[in-house]
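Please read the structure below before turning to the comments.
There are 2 protein chains.
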Amino acid sequence: MMASDVWKEYESNEISHSVAHHLTAIHELMGDLGYARVSDVARALEITRGSASLTLKALKARGLVLEDHNKFLKLSDDGRLIVDSILAKRAVVRKFLNEVLKLDEHQAEVDACKVEHLLSAQTGGQLLHFVYFLLSDDPTARQFLAEFWSKLDQNEEWQWPVQDVDQLFNLESR
Amino acid sequence: MMASDVWKEYESNEISHSVAHHLTAIHELMGDLGYARVSDVARALEITRGSASLTLKALKARGLVLEDHNKFLKLSDDGRLIVDSILAKRAVVRKFLNEVLKLDEHQAEVDACKVEHLLSAQTGGQLLHFVYFLLSDDPTARQFLAEFWSKLDQNEEWQWPVQDVDQLFNLESR
DNA sequence: AACCGATGTTTTGCTAATAAAACAACTGAT
DNA sequence: ATCAGTTGTTTTATTAGCAAAACATCGGTT
Numbered sequence: 014m015m016a017s018d019v020w021k022e023y024e025s026n027e028i029s030h031s032v033a034h035h036l037t038a039i040h041e042l043m044g045d046l047g048y049a050r051v052s053d054v055a056r057a058l059e060i061t062r063g064s065a066s067l068t069l070k071a072l073k074a075r076g077l078v079l080e081d082h083n084k085f086l087k088l089s090d091d092g093r094l095i096v097d098s099i100l101a102k103r104a105v106v107r108k109f110l111n112e113v114l115k116l117d118e119h120q121a122e123v124d125a126c127k128v129e130h131l132l133s134a135q136t137g138g139q140l141l142h143f144v145y146f147l148l149s150d151d152p153t154a155r156q157f158l159a160e161f162w163s164k165l166d167q168n169e170e171w172q173w174p175v176q177d178v179d180q181l182f183n184l185e186s187r
Numbered sequence: 014m015m016a017s018d019v020w021k022e023y024e025s026n027e028i029s030h031s032v033a034h035h036l037t038a039i040h041e042l043m044g045d046l047g048y049a050r051v052s053d054v055a056r057a058l059e060i061t062r063g064s065a066s067l068t069l070k071a072l073k074a075r076g077l078v079l080e081d082h083n084k085f086l087k088l089s090d091d092g093r094l095i096v097d098s099i100l101a102k103r104a105v106v107r108k109f110l111n112e113v114l115k116l117d118e119h120q121a122e123v124d125a126c127k128v129e130h131l132l133s134a135q136t137g138g139q140l141l142h143f144v145y146f147l148l149s150d151d152p153t154a155r156q157f158l159a160e161f162w163s164k165l166d167q168n169e170e171w172q173w174p175v176q177d178v179d180q181l182f183n184l185e186s187r
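Protein sequences, first through last, are from chains G and B. Heads up: the first sequence begins at 14 in my numbering, then just goes up one per residue. Heads up: the second sequence begins at 14 in my numbering, then just goes up one per residue.
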C-alpha cells in the first residue's frame, strides 16, 4: 500500500525540532541563570541573535513565550506544558537507550534529542510504563534484564535473527 | 551544560526524512511494479512530479539513484544499503511499539516512520537484539512480558512513577 | 497528419530555519 | 561625556522541500 498516507504526518508536527529546543533552552536558562533573554537563548543554541530573535518572535505570537517589560523571556503555561512533555520523552528515551540497551551516554543523548519531539503522547506514556517496570526491582524484570545483558555480552553463543546485524544497519558504512 | 553541543547533530543527518522516503519509494515500486519512474515516485509520495524530479536529480548526483537510458530509476548499491538500514529500523521500531508497548498499528506506523531515519546504526542494532529476545520463546522473556501486560491492564493497582502520566505527556492537549 | 494523454523538466514562489551584516539602544568604565 | 561592549531587531541571502504552472517530448488513436 506504499504507506503514502503516513509519511507526510512528519511535517504536520506542530512542534519542530527548532521550536522544541528554543523552548527547552528558555526552561533551562531559567533554572541555571534565573532568567532568559534572546541573547542567552542564542548562545545556548549556538545560533545568531538575529535567528533567535525571529524564532522567538513567532513563539511569542503563538503564545508559548512571554516577554517582560524589559525583554526578559518566560514560558507561558502552554509553553511549559510542551517543555514538560518534551523533557519527559527525552528522559525516558535516554534512559531506555543508555540503561537498558547499554548504548553509551553520548549516543543515547543524541538519539533521544533527535526523537523527543516526534514521539506521540501515547508512545511516550507507554514507553515510560515499560521502562519504569523494566528497571524496577521486580524479580521478573531483574531476571529478564540480566539474561538479556548476558546474551549481549557473549552474543557469539546466540543465534541472531539475521546473519549480519552490523551490515544490516550499516555499521561499517564509512 | 545545556547540551548545546548535541542538538545541532539533528540536521547533520545525511539522510533527511524526504530523501529516506524517496529512496524507499523507489524500492517499493521496484517490488510492486517492477519499475520506478519520476511520476511513480511522485504518485507514491503524493507530491508533484516537479518536486520529485528535483529531489531525484539531487539523489542521482549523490550516486544513490541510477537512471536508465529510458528515464527508468533504480537504486545504486549505496542507495540500496541505505534503504535496507532504514527499513530494518522502521520494522524493529514498529514491532516494538505495536507488539510490546501495545500501541495500535497506525500509531506504531506513524511513529516508526518519523523516527526510522534518525536512529543511529548502534541504536538500531541494539534495539533489534532487544526486541528479538523480548519476543522470543525464552521463558524469562515470556514471563516478563506477561507481567508487564497484566500491569498495563490493571494499572490502578500499580504505583506509577509519576502521578499523572497523561498530563505529563499532554494526552489531553488537543 | 493531427490530436490527446502521460511523462519529465524548468521556472517561479512559498515557508521554515538559519547566517551575516547593518543598525539602534542601553550600560558601564574611564 | 565619550567610548566600548552588549543587546535586540531588521534586512538580505541561503538551503531544503514543497506547489503550481509552463513547457517540451513521446506514444498511441483516430
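Don't be surprised by glycine CBs; every beta carbon is placed ideally from N, CA and C. None of the values given here were measured: they were computed from a predicted structure.
Could you give the distance in angstroms between the alpha-carbon of residue i and the alpha-carbon of residue j?
i                      : j                      : result
residue 45 of chain B  : residue 72 of chain B  : 21 Å
residue 29 of chain B  : residue 54 of chain B  : 16 Å
residue 75 of chain G  : residue 68 of chain G  : 11 Å
residue 20 of chain B  : residue 128 of chain G : 11 Å
residue 12 of chain G  : residue 161 of chain G : This structure cannot speak to residue 12 of chain G, because chain G is shown only from 14 to 187.
residue 157 of chain B : residue 116 of chain G : 22 Å
residue 93 of chain B  : residue 149 of chain G : 41 Å
residue 145 of chain B : residue 86 of chain G  : 47 Å
residue 42 of chain G  : residue 56 of chain G  : 11 Å
residue 118 of chain B : residue 111 of chain B : 6 Å
residue 134 of chain B : residue 51 of chain G  : 36 Å
residue 152 of chain G : residue 107 of chain G : 23 Å
residue 64 of chain G  : residue 103 of chain B : 34 Å
residue 163 of chain B : residue 70 of chain B  : 52 Å
residue 126 of chain B : residue 60 of chain B  : 17 Å
residue 91 of chain B  : residue 83 of chain B  : 22 Å
residue 27 of chain B  : residue 98 of chain G  : 28 Å
residue 48 of chain B  : residue 81 of chain B  : 10 Å
residue 155 of chain G : residue 120 of chain G : 24 Å
residue 109 of chain B : residue 143 of chain G : 11 Å
residue 138 of chain B : residue 62 of chain G  : 39 Å
residue 66 of chain G  : residue 122 of chain G : 27 Å
residue 159 of chain G : residue 130 of chain G : 31 Å
residue 194 of chain B : residue 58 of chain G  : The requested residue 194 of chain B does not occur in the structure, where chain B is confined to residues 14 to 187.
Taking the DSSP output, what are the residues bridged to residue i?
i                     : result
residue 80 of chain G : G/86
Determine, using beta carbons only, whether residue i comes closer than 8 Å to chain B.
i                      : result
residue 167 of chain G : no
residue 61 of chain G  : no
residue 80 of chain G  : no
residue 122 of chain G : yes
residue 104 of chain G : no
residue 160 of chain G : yes
residue 72 of chain G  : no
residue 87 of chain G  : no
residue 140 of chain G : yes
residue 154 of chain G : yes
Does any residue of chain G have a CB that is nearer than 8 Å to the CB of residue i?
i                      : result
residue 108 of chain B : no
residue 20 of chain B  : yes
residue 66 of chain B  : no
residue 133 of chain B : yes
residue 34 of chain B  : yes
residue 114 of chain B : yes
residue 49 of chain B  : no
residue 128 of chain B : yes
Can you round the beta-carbon distance between residue i and residue j to whole angstroms, since I take them to be within the 8 Å contact cut?
i                      : j                      : result
residue 40 of chain B  : residue 96 of chain B  : 5 Å
residue 105 of chain G : residue 89 of chain G  : The pair is not a contact, with the Cβ atoms about 24 Å apart (cut-off 8 Å).
residue 147 of chain B : residue 113 of chain B : 6 Å
residue 136 of chain B : residue 166 of chain G : Not really, about 18 Å apart at Cβ, beyond 8 Å.
residue 100 of chain G : residue 37 of chain G  : 7 Å
DSSP on residue i, reduced to helix/strand/coil?
i                      : result
residue 75 of chain B  : coil
residue 48 of chain G  : coil
residue 19 of chain G  : coil
residue 158 of chain B : helix
residue 61 of chain G  : coil
residue 99 of chain B  : helix
residue 53 of chain G  : helix
residue 129 of chain G : coil
residue 149 of chain B : coil
residue 167 of chain G : coil
residue 39 of chain B  : helix
residue 67 of chain G  : helix
residue 140 of chain G : helix
residue 31 of chain B  : helix
residue 91 of chain B  : helix
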